[in-house]
Each structure stands twice: as structure tokens, then as C-alpha cells.
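**Q** Residues in the sequence shown are numbered from 1 upward in steps of one, following UniProt numbering.
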Amino acid sequence: MFPLSKPLTLLRWRRVAARVRHHSSLTTELIENMDKKATWDRFYTENNSRTPTFKNFEWFFGFDSVRDFIMPLLQTKSHPDALLQVLDMGCGTSALGPCIYRHSPLPVRVTCADISPIAVRLMQEHIQAKAIQPHNVSSQLEFVELDCTHIHKHYGSSSVDLIVDKGTTDALLRSKEGKGKAALVLKQCLKVLRSSGSLLQFSDEDPDARLLWLETEAQEPGVMAADVGVQEVGELRGVCYYCYQVTPRCIVQE
Ligand SMILES: C[S@@+](CC[C@H](N)C(=O)[O-])C[C@H]1O[C@@H](n2cnc3c(N)ncnc32)[C@H](O)[C@@H]1O
1 MFPLSKPLTL LRWRRVAARV RHHSSLTTEL IENMDKKATW DRFYTENNSR TPTFKNFEWF
61 FGFDSVRDFI MPLLQTKSHP DALLQVLDMG CGTSALGPCI YRHSPLPVRV TCADISPIAV
121 RLMQEHIQAK AIQPHNVSSQ LEFVELDCTH IHKHYGSSSV DLIVDKGTTD ALLRSKEGKG
181 KAALVLKQCL KVLRSSGSLL QFSDEDPDAR LLWLETEAQE PGVMAADVGV QEVGELRGVC
241 YYCYQVTPRC IVQE
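1. Under a Cβ-count criterion, where at least 16 other Cβ atoms within 10 Å of its own Cβ denotes burial, should A95 be classed as buried or exposed?
2. Could you tell me the boundaries of the beta strand (DSSP E) in which A225 lies?
3. Taking 7 Å as the cut-off, is the beta-carbon of A113 closer than that to any non-hydrogen atom of ligand 1?
4. Below 8 Å on the Cβ atoms is my contact criterion, and I expect M34 with S175 to pass it. Report the Cβ-Cβ distance as a whole number of Å.
5. What is the residue span of the beta strand (DSSP E) that Y155 lies within?
6. Just to confirm, are D204 and F60 a CB contact at a threshold of 8 Å?
7. Apply the 10 Å Cβ neighbour rule to Q201 and answer buried if 16 or more other Cβ atoms are within range, or exposed otherwise.
8. With respect to 7 Å, is the separation between the Cβ of K55 and the closest non-hydrogen atom of ligand 1 below this value?
9. Pull the bridge partners of A131 from the DSSP assignment, please.
10. Would you please state the rounded distance, in angstroms, between the beta carbons of L193 and L199? I believe it to be under 8 Å.
11. Check T53 in the structure and name its three-state DSSP category.
12. Report yes or no: do three or more beta-carbon pairs, one from the segment 145 to 160 and one from the segment 73 to 90, lie closer than 8 Å?
13. Would you please state the rounded distance, in angstroms, between the beta carbons of I115 and W40? I believe it to be under 8 Å.
14. Measuring alpha carbon to alpha carbon, tell me which residue in T216, P80, L236 and R237 is nearest D227.
15. My output table needs one value for S175: the three-state DSSP class, helix, strand or coil.
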């Protein structure tokens, strides 16, 4: 489907998988089945068993590399009394969600959601032990086991201000059976986002491929439409990373 970007991308993902230093069967499982709960349960179990104390695992990079894309979107309240609703979709054991909770001056409710109950439990235990102090005392942080193809069961329509996705859509798009799930997740994100809200996808996929995919999948005539943009995050370890921003556009019913 994306003949120019695919071989390079696969190589990059092999490198990411190899960074975890698991034996080759997990690397193969990771590359082909990143849309499967069992793959990630195994990944987080094996990764965690390698260190005596918990350590956040960051796909691509951590919060500091992307804070300038995220924090400016949390400067205005959508309702005077409400918390800004933030979802880290496919949070894994990343510190991204906890960092947003910690640094946001405005009160936020950060929900870190993942299909893997292992990742969710590790994060819950870690946060209980660490007790992070948020910048705003009204802010809240939660970890939930959630298959993001069912986001609409957790959130009402037009109720979320910001969704961050670091590597999750990439994982679905690159799996043998995940492409349909990636499109479903995107549509659900657009449904639960407020009209002022945004979805940020952090990815190593080239804009030629990802913009075309986003523009195609985010449009449903008479039902949904979105504006799509891209900015470079930068180059790390010789790989260029991007921030794709998707914002719902109002559909005018005729
Ligand atoms: C590439 S990892 C990225 C993890 C994390 N965002 C980070 O930056 O380290 C993809 C994550 O998506 C999760 N995932 C895969 N399919 C999912 C789904 N349908 N719903 C929720 N999470 C999913 C996996 O368990 C995994 O934690």
C-alpha cells in the first residue's frame, strides 16, 4: 500500500524491538502481532522481569521530546468548572500521561488506557508507590484497561479535549490484522473529541503515507470530517519522527 515507506519502517521497528533485547520469538511476535493483547502482555511481563525495580518503557522517546506539542493544547478550559479530559491511548508503561498530569497548570483528568492489563497494573502500582504531585491540585490521573476500538464505551460523544497516541496507531497499522482496527480507532477518536479538541499521533511514518491515510479514513460524507496537519518532532538515532494533528471539523447538515 505504501511501497516507498514500508521497507524502511519495518527496519526501524526491528531496531525498536531489538532495543528491548528479548529473544527473537518475541521480536517476531511484536513485528507481526502488535494489535494483539497477548503480544503486549508478554512484552510488558518480560520487559519488567529484566529490571529489579520498575522503569518506564518509552516507545520512540519520552515526554520532554513532545511536551511543546502537547502542553499548548491544554491552555484553555472547554467549560469553566470542568477538568480538561486527556486520553493517552495505548499508554503502555510510558510516563507521558503522568507527566501531563504533573505539568498541566489547568486542572486535567488524564486517563491512561491500554489493552494490556499487565501494563495497566504495573503503572497503577508504580504511581501508588511514587505519589506524583500535580501542578494543579484538582488534576486527576487514572489507568484503565481498555481496548481503544471501544473508546465510545468509556467516553460520551464530544467529551474529550486531547488524545495522545505515541506509537499505538503505528502498532496497529503495521500488524498483519490491525489496519481495520487503526481506522476504527481513528473514527472513534473523532467521535469522542470535542470540536475544540485534537488527536496527536506521534509516529515515525513518513507524511506521504500517513497524511493520505488520515485524510482518507477521517472523512465520512455527511458524518465526519477532520483537518489533518503534520510537524516534525525531530531526528533521534537517525530516524525522523512526526507529530500528526487531527482536529474534528463540524459537519453542516443540509
Ligand atoms: C508501540 S506501544 C506504545 C506504548 C506507549 N504509548 C509508549 O509510548 O511507550 C503500543 C501500545 O498500544 C497498546 N495497544 C495495542 N492495541 C491496543 C488497543 N486496541 N487498545 C488499547 N491499547 C492498545 C499496546 O498494549 C501497547 O502498550
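Ideal Cβ placement from N, Cα and C applies to all residues, glycine included.
Note that the structure is a prediction, hence the values are computed from the model and not measured.
**A** Here's the rundown:
1. buried
2. A225 to L236
3. yes
4. At roughly 5 Å, the Cβ-Cβ gap stays under 8 Å, so M34 and S175 are in contact.
5. First-last for Y155: undefined, no H or E at that position.
6. yes
7. buried
8. no
9. DSSP output for A131 lists no bridge partner at all.
10. With a Cβ gap of about 6 Å, L193 and L199 count as contacting.
11. coil
12. yes
13. 6 Å
14. T216
15. coil
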